[in-house]
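Undergrad: Residue numbers (this note's numbering), protein chains in the order written: chain A, 1 to 318; chain B, 1001 to 1301.
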Ligand SMILES: Nc1ncnc2c1ncn2[C@@H]1O[C@H](COP(=O)(O)OP(=O)(O)OP(=O)(O)O)[C@@H](O)[C@H]1O
Ligand SMILES: [Mg+2]
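#1: Just checking, does the region 138-146 of chain A make contact with the region 154-161 of chain A on the three C-beta pairs under 8 Å criterion?
#2: Could one say the Cβ of residue 116(A) lies closer than 8 Å to chain B's Cβ atoms, at least one of them?
#3: Helix, strand or coil for residue 83(A) per DSSP?
#4: Which residues in chain A have a C-beta closer than 8 Å to the C-beta of residue 1100(B)? List them in chain order.
#5: Provide the residue span of the alpha helix (DSSP H) that contains residue 1025(B), from first to last.
#6: Can you tell me which residues fall inside 7 Å of ligand 2, judged by beta-carbon distance to its nearest heavy atom, and keep chain order?
#7: Nearest chain A C-beta to residue 1013(B) closer than 8 Å, yes or no?
#8: CA-CA distance, residue 1114(B) and residue 1122(B)?
#9: Which residue marks the beginning of the alpha helix (DSSP H) containing residue 99(A), and which one marks its end?
#10: Roughly how far, in whole angstroms, is the beta-carbon of residue 320(A) from the beta-carbon of residue 76(A), given that I think they are within contact range, below 8 Å?
#11: Any Cβ of chain B within less than 8 Å of the Cβ of residue 84(A)?
#12: Nearest to residue 1233(B) by CA position, among 1022(B), 1008(B), 1062(B), is which residue?
#13: Name the DSSP bridge partner or partners of residue 261(A)?
#14: Does any CB atom of chain A fall closer than 8 Å to the CB of residue 1091(B)?
#15: Less than 8 Å separating the beta-carbons of residue 133(A) and residue 125(A)?
#16: Classify residue 268(A): buried if its beta carbon has 16 or more other beta carbons within 10 angstroms, exposed otherwise.
#17: Please list the partners that residue 1154(B) has in chain A, where partner means a Cβ-to-Cβ separation under 9 Å.
#18: When the Cα atoms are used, what is the spatial distance from residue 257(A) to residue 249(A)?
#19: If I measure Cβ to Cβ from residue 237(A) and keep anything under 6 Å in the same chain, skipping five residues before and after, which residues do I get?
#20: Tell me the start and end of each unbroken alpha helix (DSSP H) in the region 1256-1281 of chain B that is at least 4 residues and wholly inside, in chain order.
#21: Who are the neighbours of residue 1097(B) on chain A, taking C-beta pairs under 8 Å?
#22: Tell me where the beta strand (DSSP E) around residue 154(A) begins and ends.
#23: Closer than 7 Å: is that where the CB of residue 14(A) sits relative to any heavy atom of ligand 1?
#24: Buried or exposed: which applies to residue 1016(B), given that a residue is buried once 16 or more other Cβ atoms fall within 10 Å of its Cβ?
#25: Please state if the CB of residue 50(A) and the CB of residue 57(A) are separated by a distance shorter than 8 Å.
#26: So is residue 1007(B) in contact with chain A if we call contact Cβ pairs under 8 Å?
#27: Can you tell me which residues form a DSSP beta bridge with residue 1151(B)?
#28: With hydrogens ignored, establish whether the beta-carbon of residue 38(A) is closer than 7 Å to any heavy atom of ligand 1.
#29: Can you determine whether any heavy atom of ligand 1 sits closer than 7 Å to the C-beta of residue 11(A), and answer yes or no?
#30: What does residue 184(A) pair with, by DSSP beta-bridge criteria?
#31: With respect to 7 Å, is the separation between the Cβ of residue 34(A) and the closest non-hydrogen atom of ligand 1 below this value?
#32: Hey, residue 1035(B) and residue 1128(B): beta-carbon distance below 8 Å or not?
#33: For ligand 1, any of its heavy atoms closer than 7 Å to the Cβ of residue 339(A)?
#34: Excluding five sequence neighbours on each side, which residues of the same chain lie with their C-beta closer than 7 Å to the C-beta of residue 1153(B)?
#35: Does residue 30(A) get closer than 8 Å to chain B when you measure Cβ to Cβ?
#36: In chain order, what residues of the same chain have a beta carbon less than 6 Å from the beta carbon of residue 1284(B), not counting five sequence neighbours either side?
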């Protein structure tokens, strides 16, 4: 759907985006994360045709975005990080204004904008002046506006900034809803945990470089290396090690009196089998969990703000 | 028909605010003031003559028309200077650029808004203008000529305002820049001829032969709004061409230079009009190019 190839952008000498290559498949809800100044907005603006890259290519739905602006504009709905609204304009006129920019007929606009305002929960505000709406409402109105021409790709630059927790939940539901309608969505944010709740893939950016990208699980695995398993036990350490070594890819990283850490390439079923075999061999297993960094740790790690600091997340074997 | 959405929105928004009402009020106020002053002057001039005072009322036409054109020339750049920079200041510009509107249709929408606005004012002045025709007995066709010139003035000044608006970050600097453009057109176009005239006067004083084709520097006057308006009103009021009278006086007509052909008959007005339209159009193209973030430049892939 969205294919970015070796994208570069510099402001004078400052390299804002550096060799960015990224593929976002159709139907994805892609989260773009990075600290301030990472280059997210710059990338998004290039994708939306608001800025020319220094080098590189952008393909949307197989169309070269840099050469065929007109077709691309029909495919993208853009919600900027900061945007204003016009004074003295009512919500339905606001929708009509943008709708007619796509040369839609008033009838069509009215029908579609009714649906969209319903979707973003603003149906009762049709006759209200846009400049009197609250920040969250404006944000939702802007999403509705971005969808007026039924684009396949929706790009939102930090849509959650300035929203209260409730509005964030609503925004999340709205985006998931849109995803289920088959839209491809790109959303940028500083807050990874927020994205991890809804996105199925992420890209982590820092200082213009894409540090990691892909399905959330893959990104985590890529960053933390192979899977680690921690087994705690009361007795039977030697037996446990002997049993474990029979399973695929198992390497013992450390073996304390009551705790064994091992890296492996096992599936969940194989882990269950291994634990079962240990218990069958009279090892007193008191617990086991997967060692996993959570997303924040991952983020910190990737963006180089903090080393280590991994947290243990209990993993029950279902 | 597809009405440019920018015009539609601007007209709608403007009809809601009281600003335009006050604007028309001020406009009419100025016109009535000029009207009364002109009446007084006409009355003074006729006090001791036996001429019919009503026929003197035709002079209201150039006075009121020039007043209106001056107001338009001053106001239109102010109104259009915020057309692009104002969208940027309001942070609505980016969204507009990602919609289906091409940069040129955005610019065109802005010009049309400005022209519609100006015409609104001009039409509002019609009752006062009508006096020249009803009482003064002037041919009604001049009313349409005036509308045409007002249209040209608003297109021209709007295109300057919009170009400046696309060049400047802030609306206020766009206004100032527009007036600098005016100076270029009013003074800059006159400069070549006057420089030529001074140099020539010196040379003839020193007994040197005149330059060939030097008179053609007067062609720059084709783009001088003041000359255009003088030509227009002299033509309307006396039926003669100011430019050809002027060039007769300076003896250019005998010389068979390019200028002597241009200055004859209606050619001056026609060529000048076309040139003003062409300049306006190219300003608009420049503005459209300027706001286009993706210029047709080669991208390394
Ligand atoms: N117009 C500009 N001129 C010069 N430098 C710029 C410009 N726009 C952005 N930058 C620089 O480019 C870098 C990337 O900016 P960008 O806005 O893309 O970051 P971001 O990831 O969106 O950050 P944030 O989370 O704060 O929105 C920053 O260091 C910024 O200073
Ligand atoms: Mg940003």
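Backbone N, C-alpha and C define an ideal beta-carbon position, used for all residues, glycine too.
TA: Based on what the coordinates show:
#1: yes
#2: no
#3: coil
#4: 70, 73, 74, 101, 102, 103, 149
#5: 1019-1046
#6: 40(A), 41(A), 81(A), 157(A), 158(A), 188(A)
#7: Closer than 8 Å: yes.
#8: 12 Å
#9: 91-101
#10: Here chain A covers residues 1 to 318 and nothing more, so residue 320(A) does not appear.
#11: yes
#12: Closest by alpha carbon: 1062(B).
#13: 230(A), 254(A)
#14: yes
#15: Inclusion of residue 133(A) and residue 125(A) in the CB contact set at 8 Å is warranted, their separation being smaller than that value.
#16: Burial call: exposed.
#17: Per Cβ cutoff of 9 Å: no residues; residue 1154(B) is ~23 Å from chain A at best.
#18: 23 Å
#19: Excluding sequence positions up to five before and after residue 237(A), its CB lies less than 6 Å from no other CB in the same chain.
#20: Fully enclosed alpha helix (DSSP H) runs of no fewer than 4 residues occupy 1258-1262 of the region 1256-1281 of chain B, in order along the chain.
#21: 49, 50
#22: 153-157
#23: yes
#24: exposed
#25: Not in contact: residue 57(A) and residue 50(A) (Cβ atoms no closer than 8 Å).
#26: no
#27: Note: residue 1151(B) sits in no beta bridge, so no partner.
#28: yes
#29: yes
#30: Paired residues: 153(A).
#31: Closer than 7 Å to some heavy atom of ligand 1: that describes the Cβ of residue 34(A).
#32: yes
#33: Chain A is shown only over 1 to 318; residue 339(A) falls outside these bounds and no answer can be derived.
#34: 1069, 1072, 1073
#35: no
#36: 1107, 1159
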